[in-house]
Structures are given as structure tokens and as C-alpha cells.
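Visitor: Residue numbers (our numbering), protein chains in the order written: chain V, 1 to 486; chain P, 487 to 824.
Every residue, glycine too, gets a C-beta built ideally from N, C-alpha and C.
I have a structure here, written as C-alpha cells, and I will follow up with some questions on it.
Set out below in C-alpha cells:
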């Protein structure tokens, strides 16, 4: 027998040996996961999104640190804000990846060949879902050095890492799964993206409403049922205000329940029902859903506005009251000062009771007026950790000295003055506030080039990702034959 | 082509049996009782005009859609066990999309693994399939760089990764140049002959169906209007319709006038016409057979040839128009085309 015929026989024998699948392969969900991960990370989509994410985070954190106003925010609040922003961007990325997962394959006509295999639809869903949430660990690792820098050694860092990982994972699971559900129901990728974007805005907008809109029973409830707002509230209370978890654990219920519901729908509804076409009925249903969502967004905004405006309307009802006389005096120990932005200015006020009777309870309040902006008032909350001080009472002839600190945030000319307010004795009476002489505060600009050491990370992170992308592409190109089109 | 031993039902065994399949889209009945069988190693041409129900049939038979009534078996597996059926079929859908960022080998390896092969098995089998479909030189190229013909080939290779018992090919030659069409048809014949796989071939190119298919099913308005071997279908239809075949023959240009005179003088010839710019060609329109019997028409053909031979006129070419699958198809689907 010739060598050639021996080789052919060997080849045929091998063919026979491997003709039937052995059935010893890996689980289908794992194969789909590996394929999807390769598509996302080697194909470049996820890497490119991560590059954009790292650039946005770098700019955000740099601005956070270099901006004279924002840089005065305490470390724990800086860490919280950075984590919040990182999560918001990651959720968007998760939603986009989820929204493309099924309708994108329908558009590209690649879903049919996957559905023609004997693997269960649920395993396809599991593989795609796990690949979709793979971006979150990477995004979290990218933001960790920024959080570390901004914390400046504050003890908030470890709890922020822990709760950021826990709540971020729950939200990314929920958002990515929701994107996949939308993709499951959508006949085209455009529809899927459009609805997913609507959902993102629907959840994001209420969390961005002014503080007053988020207070009161209605505001609190609206915040609680919104998983993103609930997580933000929990992190804010626990990380910034050091409130114990036991007081606010209920705010973790909505994101957890949301994530659980989405997983159940994915595995037990969408998984078994995955098919080639989204179907006409689903299309009509989606149209209705998008209309309802749009309406709900508008209603939510109107409601939030009403909640916000109501207290202001109530407070506008003026009353005629009698003015009580006073023998009180307030003095200040500084008249003019020139400083740079971010400098601290310290001064004292002395309050004296020159009368013959003990005074009513007293409040001393700080006021800052911008002289360069036609007298616009400046919110003292941003300028000083302690804007008012309370004095229970002053005995006749008694004096009390009060310490004050101003953090100069923005450059410009300001007038700082203090007001002493005696508390009226009853609801029918009022009192005469007393003002001190002003402190003419001149703040000159000052910018640090590398605030809090953020710059190397802000530039280095994206650069490192670029290097990784370049390496991945280069390695991929080495694996394939780059022959042109036939 | 690599010979595989897997799709081994004997050539007499039915690998696909469809019985009374029905499907409607709202008020429109897309399928009205589809029944047919396919034996191992044979190629079944699945024909019909647009909207005849071909795609619906293929979707049902490949478990992508459920019928409202009726059932089918593939390799003896009933249609209520779709996952088992999917293990035994290979499908090349019409307008199949491909992942542009995967190489041909990666694509076949991935799908091989999805059918239960280990990574090593799937890769080895993928390499063999690439060789079978003539893509061994481009296995490591991205599918995005493939031509349309190469994509159809890799699609057929993907349909074979599980060594199926039945393969469904929906318009596999669509968009290919003549050489590409010919090569792909040869590949399909090889699949059926060497693997013993039953092939269901949907196509609008009737000449290719006639060339490669053993059997044919013609669908019209959701119903089967003809079924059987290609020769049977053509013969049966010819017997059922009144034959008025047009004959065409070619003689030397110098003999055209003499040939025309001889033919016009014959009984049962209605008209003899020179074919315009085609020098030497004559078109002969015979009279309708009085008893509607095809043998009468065949005898007339012999008489025409005998008369010309007796007159020592060389016959360069002779053909009967109207006896091809295309004519049968047009006749049977005339109603829906109108």
C-alpha cells in the first residue's frame, strides 16, 4: 500500500472517530460566555467603552480636585461623588451592552445559527448576561485609585470599596439584565437602544432633582422605589454622614429586589422564550411601554417640582407682627483681608447683653455677599462648615465670644457680615436683628496643577488602557491570516 | 471530500418524514397540509414561487417555528423533541449573518463545541470541514474578509459540524457567479453521496435543481402541487397537460430554404419560421395532437428528423422546448403568478 493511500486511510479513520460529537464538551453557557467575552473585549467594544469611561472619570476627578469650589468638599464626600459617577457611567455601559445582546444579533442575522444548535435558550441567556456584566469589575478597578487619592487617608475608603462593590454589582446586574429584556422584546437594535436610553433617563432624572424635591413622604418614597436613587441615598448616609447600616438597610431592598426580579425574568421568561423574531405583538406592546415611560417621566418631573415648590409657597405667607426691643450688642474682630482661593479665614464675634434682664435665645448667622456680582448672595453652606451658632441665653452684662471659619472657594470681592437674631417670645411677636460691621474679603485666584496627586492617574489610566488595546489588537492580528478579500 | 461514516441510515431509509403540516399567519394559510419524505443520500429540491410557503416549511422542519397541525420526524425523532432534532440537522438559512471578527476555523470550532465536541475535537473536525469546502487556505482569515461565495461555503461547513442526518440549504447559490454556483452544487452533491446525508435544497434556479436533485417538491399557495423524482414530475405533468412543444433545429444556412419547404409540406406542422438573427435556425410549431397523446408528439419529432435526413440535409442541432422542469414549474404555479 502506498504512503498516500495509507495517509488517506488514516485521515478517514480520524474522520470516523470524530464524526459524532463526543458530548464531553464544556457547558454551553460557558462556551457562549467565552465567545461573548472575546467579542466584547478582543473585538474591542468593551475595551473602547472602558477607555471612554476612564477618560471621563479622569477628567471628572481632576476637575473635582482642581476646581477651587469643588476641591473644598470633604474627602468622604469626594469619594462618594466619584463612586456615584462611576456607577452611573457603568450602568449606562451595562444597559447598552445588554440592549445590543439579542436584537443586535437579530440585526446582524447571527442569532438564527445560535438558535439552531441544540443548546438550551436559557444557557444562551446566561452566557450573554455574564459577559454583559463583565465590564463592571473592570470599571470598578479603574475608579479605585481615584477613590484612594481623593480619600486622603480617610477611613471612608474601605467601606466605600465594600459598599460600592455590593451596590454597584446589584445595579449593574439589574441594568444589564433590563437591557437584555428590552433587547429580547425588540425587533431592531434601534428600538432596543432607544427604549434603554429612556429607561436610563427615567431612573437617573429623579436622583438629580434638587434636595427639597427629595424630602417629605412623597419625595422619600419616590427616592426609595428608584433603585439608583436608593443606592445613592444609602451610600450618602452611610459613607458621608457615618450613619450605621442598621438605620438605612431598607434602602438596599429596591436595588436587590430589582436585580432579583430581572434575573428571574431573564432565566424563567425570556430564556425559554428566546426566538428568532421579536414578534408583532411585542412590537405593539413596546410602543405602548415607551409611551407610558415617557408619560411617567414627565409626571415624575412635575410631581418632583410640586414637592419642591410647595414649602416655598407655604413660606411666602407674610404676617404682621410686633417688634420686641433689645439691648444686645455684637462686634467683629476683622474688617478687611486679602487671601487666595482655598485659603482659610478665621475671625471672632463677641455678643454682649447690655440690658438688665436675661436675653431670649439668640442665633448668630453668617452672610456673604458677592460685591462683583451686583450684590448676589453666596450660599454660606459651600463656604463654611458652621454657618449659624446658637446661644441659649445671656445674663445681664454677660458676653460670649464665637469662632468662625470661612473657606474661600471662588476668587472675587465679598462682604461678610454677621447678624444677631433674638428669638421672638411668641408667634405674634418679632424681634430686631442686629448686624455687625462687614469684613471686606478679597479672594485672589490660585490653581494647583496636580491637585491631590490626581493627574498621573487621570492621564495614566487611559494611557494604560490604550496600551492594552494596542496589545490586544496586535496579538489578535498575529493569530489571524491578514490576507485580503478574495 | 472527507468521507464520514456518521449519517449512516441506509439509502432506502426515510430520514425525514413530514405529515400534514399546517401553519397560518392570521387569515392567510401559509401551509395547507405539507407531506413528503426524504431518503438518506438523496437531494430533494424544494420549489415554489415567492410566498408559496417554502421558508415557513423550512422554519418548521428546523424547529424554529411550531406547526399548528401535523408532525414530522427526522431520523426517527418526533417533532416534539426539538433539541434532539437540532442535534441531527444542519441548516444554511437564507441571508445568514456571520461574525466578522472570527476566523473561519474559530467559527467552526465554536459551533462544534456547541454541539458537544471538546475543543480539540471541534478544531480537528473544523480543519477537515474547511478542507471539504475548499477553504483550507483561508481558515485563519477573518470571516469579514471572505467573499460571498466563501461565506456560503463556510456556512455549509457550519451546517455540517454535527455531521447531520439531514441538511437544509435555503438558496445556497443566491448571489454567486456561474462558476461559484457550479462549484457549490458539486459540493452539495458530494455531501449527499459521500456522507449519505439527506439534503433539502431550496432554490429559484430550476436548472440547478434539475441538475443535482433526485426528487422534487413543488409548492404553490401552501400546497404541494407536484412531488416525486425529477423525471417523474416532468413526465407526469407532461401527460397531464396538452403538449404543444415548440421544436427548434439548426441546419447549414445554405439549406434553410430547402428544409423549410420540406417541413411546411408535412402534415401536422402549423408553421415553420426562421429564427431572426440566428442564422440556420428554424422554429417549428406542430399541430396539437388530436388525441392529446404525447407519443403522437414524439412520433412527429421522428418524422421531421427522418424527412430531413432523407433529403440529405445535415442537422446541426435539434431541441424540444417545453419538456424541462422550468416549464413544469411555470405551468403548475401559473395560478399564483397570475
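Using only CA atoms, which one of 799(P), 611(P), 554(P), 757(P) lies nearest to residue 737(P)?
Guide: Taking only the C-alpha atoms, the option nearest residue 737(P) is 799(P).
Visitor: For residue 604(P), decide whether its Cβ has a neighbour in chain V, counting only Cβ atoms nearer than 7 Å.
Guide: Closer than 7 Å: yes.
Visitor: How big is the Cα-Cα spacing for residue 759(P) and residue 740(P)?
Guide: 16 Å
Visitor: Does any C-beta atom of chain V lie closer than 7 Å to the C-beta of residue 627(P)?
Guide: yes
Visitor: Output yes if chain V places a C-beta closer than 7 Å to the C-beta of residue 499(P); else output no.
Guide: The C-beta of residue 499(P) comes no closer than 7 Å to any C-beta of chain V.
Visitor: Beta carbon of residue 331(V), beta carbon of residue 363(V): below 7 Å?
Guide: No, Cβ-Cβ distance for residue 331(V) and residue 363(V) is not below 7 Å.
Visitor: Strictly below 9 Å CB to CB, what residues from chain P border residue 24(V)?
Guide: 602, 603, 604, 607
Visitor: Hey, how far is the Cα of residue 227(V) from the Cα of residue 560(P)?
Guide: 50 Å
Visitor: Step through the CB atoms of chain V and report whether any lies within less than 7 Å of the CB of residue 650(P).
Guide: no
Visitor: With contact counted as at least three CB pairs below 8 Å, one residue from each stretch, are the segment 82-93 of chain V and the segment 546-558 of chain P in contact?
Guide: no
Visitor: Looking at the C-beta of residue 550(P), does it have a partner C-beta in chain V at a distance below 7 Å?
Guide: yes
Visitor: Excluding five sequence neighbours on each side, which residues of the same chain lie with their C-beta closer than 6 Å to the C-beta of residue 404(V)?
Guide: 347
Visitor: According to a CB-to-CB cut-off of less than 7 Å, which residues of the segment 87-110 of chain V neighbour chain P?
Guide: 108, 109, 110
Visitor: Please go through the segment 649-702 of chain P and give each complete alpha helix (DSSP H) segment of 4 or more residues, from N-terminal end onward.
Guide: 664-681, 692-698
Visitor: Quick check on residue 572(P) - is its C-beta less than 7 Å from some C-beta in chain V?
Guide: yes
Visitor: List the residues of chain V whose Cβ lies closer than 7 Å to the Cβ of residue 583(P), in chain order.
Guide: 108, 109, 110
Visitor: Write down the C-beta distance between residue 420(V) and residue 369(V) rounded to the nearest angstrom, noting that I regard them as a contact closer than 8 Å.
Guide: With 8 Å as the limit, residue 420(V) and residue 369(V) do not qualify as a contact, their Cβ atoms being about 17 Å apart.
Visitor: Between 266(V), 20(V), 278(V), 48(V), which lies nearest to residue 462(V) when the distance is taken from Cα to Cα?
Guide: 48(V)
Visitor: Any beta-carbon of chain V closer than 7 Å to the one on residue 587(P)?
Guide: yes
Visitor: For residue 644(P), go through chain V and note every residue whose CB falls closer than 7 Å to its CB, in chain order.
Guide: Chain V residues near residue 644(P): 113.
Visitor: Since residue 182(V) and residue 109(V) are thought to touch, with beta carbons under 8 Å apart, how far apart are those beta carbons, to the nearest angstrom?
Guide: So it is not a contact: roughly 20 Å between Cβ atoms.
Visitor: Pick out whichever of 623(P), 734(P), 551(P) has its Cα sitting closest to the Cα of residue 764(P).
Guide: 734(P)
Visitor: Looking at the structure shown, is residue 531(P) part of a helix, part of a strand, or coil, going by DSSP?
Guide: strand
Visitor: Tell me the DSSP secondary structure of residue 737(P) in three-state form.
Guide: coil
Visitor: Going along chain V, which residues have a C-beta under 8 Å from residue 554(P)?
Guide: Result: empty, since nearest Cβ-Cβ is about 16 Å, beyond 8 Å.
Visitor: Along chain V, which residues have their Cβ under 7 Å away from the Cβ of residue 669(P)?
Guide: Ordered by position in chain V, no residue passes the 7 Å Cβ test against residue 669(P), which lies about 13 Å from the chain.
Visitor: Going along chain P, which residues have a C-beta under 7 Å from residue 35(V)?
Guide: 596
Visitor: Which stretch, first to last residue, makes up the beta strand (DSSP E) that contains residue 772(P)?
Guide: Start and end: 767-772.
Visitor: Could you list which residues in chain P have their beta carbon closer than 7 Å to that of residue 118(V), in chain order?
Guide: 569, 572, 573, 601
Visitor: Using a C-beta to C-beta distance shorter than 7 Å, which residues of chain P count as neighbours of residue 43(V)?
Guide: 587
Visitor: Go to residue 136(V), then tell me how far its alpha helix (DSSP H) extends in each direction, as first and last residue.
Guide: 135-151
Visitor: Report the partner residues of residue 329(V) according to the DSSP bridge assignment.
Guide: 352(V)
Visitor: So, helix, strand or coil for residue 461(V), using DSSP?
Guide: helix
Visitor: Using a Cβ-Cβ distance under 7 Å, would residue 31(V) count as near chain P?
Guide: Judged by the 7 Å Cβ criterion, residue 31(V) is in contact with chain P.
Visitor: If we cut at 7 Å on Cβ distances, does residue 481(V) have a partner in chain P?
Guide: yes
Visitor: Name the DSSP bridge partner or partners of residue 719(P)?
Guide: Note: residue 719(P) sits in no beta bridge, so no partner.
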